[in-house]
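Data block below; observations after.
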Amino acid sequence: MLEQLLHIDGQILLWIQEYLRFPALTSVMKDITNLGNAGILWILITIVLLLDKKTRNVGYMSALALIGSLIVDNILLKNLVARTRPYEVIDGLKLLIEKQSDYSFPSGHTGSSFASAIVLWKELPRKYGVMALIVAVLIAYSRLYVGVHYPSDVLAGVVIGAVLALVSVWLVKKIQGQKKLVK
Numbered sequence: 359m360l361e362q363l364l365h366i367d368g369q370i371l372l373w374i375q376e377y378l379r380f381p382a383l384t385s386v387m388k389d390i391t392n393l394g395n396a397g398i399l400w401i402l403i404t405i406v407l408l409l410d411k412k413t414r415n416v417g418y419m420s421a422l423a424l425i426g427s428l429i430v431d432n433i434l435l436k437n438l439v440a441r442t443r444p445y446e447v448i449d450g451l452k453l454l455i456e457k458q459s460d461y462s463f464p465s466g467h468t469g470s471s472f473a474s475a476i477v478l479w480k481e482l483p484r485k486y487g488v489m490a491l492i493v494a495v496l497i498a499y500s501r502l503y504v505g506v507h508y509p510s511d512v513l514a515g516v517v518i519g520a521v522l523a524l525v526s527v528w529l530v531k532k533i534q535g536q537k538k539l540v541k
């Protein structure tokens with residue numbers, strides 16, 4: 359069963375390469391994937407949120423979710439699962455960016471993107487939250503497009519990021535609620 363899922367993962371990447379890669383789109387997808395490098399886009403947004411008193415709690419939520427994503431995705435799971443990158447094992451898959459220095463599962467770019475974007479979607483006015491989710495989806499897809507992740511890596515990043523976002527929102531609201539009771 360697992361071998362069959364891994365085979366499907368690889369076939370999806372080859373299908374994307376065959377039918378969805380276009381020269382005009384490739385440079386855009388490289389730029390989009392770079393937005394997720396080291397979570398820098400989401401870190402910068404979080405810092406901006408932390409600077410304004412009105413959005414500080416959202417900044418706390420996003421920071422907590424991003425730290426959780428770093429720990430769960432990049433420190434724990436990548437090293438425990440130690441999944442080889444798809445471009446190293448799928449015959450015919452062409453890598454469009456530089457080789458990655460860490461393991462494949464789960465996608466850290468996707469995890470951090472969804473961790474922060476779902477916080478923003480839940481806690482900011484809809485137009486900002488929807489924009490954040492669109493960027494997160496584009497970053498996630500870009501990881502498949504450039505050939506550095508399997509679809510299951512990206513799916514795991516979405517799920518982990520979403521869970522961490524929801525836990526972070528709940529935790530900050532719980533802590534803030536307790537603080538108000540103390541005053």
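The working numbering applies: residue 359 is where the sequence shown begins, and numbers increase by one.
Positions of the beta carbon are idealized from the N, C-alpha and C atoms, including for glycine.
Predicted model only: the values in this text are computed from it and were never measured.
Judged by their CB atoms, L496 and I390 are nearer to each other than the 7 Å cut-off. By the CB criterion at 7 Å, P509 and D367 fall inside the cutoff. Segment contact: the region 501-518 against the region 371-390, three or more CB-CB distances shorter than 8 Å; contact assigned. Taken atom to atom, the span from the alpha-carbon of S427 to that of E446 is near 25 Å. For M359, there is no enclosing alpha helix (DSSP H), as DSSP marks it with neither H nor E. Separation of the CB atoms of A423 and A498 is rounded to 16 Å, and the pair is thereby denied contact status at 8 Å. Between the region 429-438 and the region 476-491 there are fewer than three inter-stretch CB-CB distances shorter than 8 Å, so the stretches are not counted as touching. Nearest in C-alpha terms to E481, of all of G466, R414, I425, is R414. By the criterion of a C-beta distance shorter than 6 Å, I370 is surrounded in its chain by P509, once the five residues flanking it on both sides are discounted.
DSSP places I448 outside both helix and strand once states are collapsed to three, so it counts as coil.
When the Cα atoms are used, L363 and T442 turn out to be separated by approximately 15 Å. In the DSSP annotation of this structure, the continuous segment of the alpha helix (DSSP H) that includes T391 starts and ends at 381-393.
Assigned with DSSP and collapsed to three states, T442 falls in coil, not helix or strand. Taking the Cα positions, L393 is about 21 Å away from K452. Within the same chain, V416, M419, S420, A423, A523, S526, V527 come within 8 Å of V477 by CB-CB distance, once the 5 residues on both sides are set aside.
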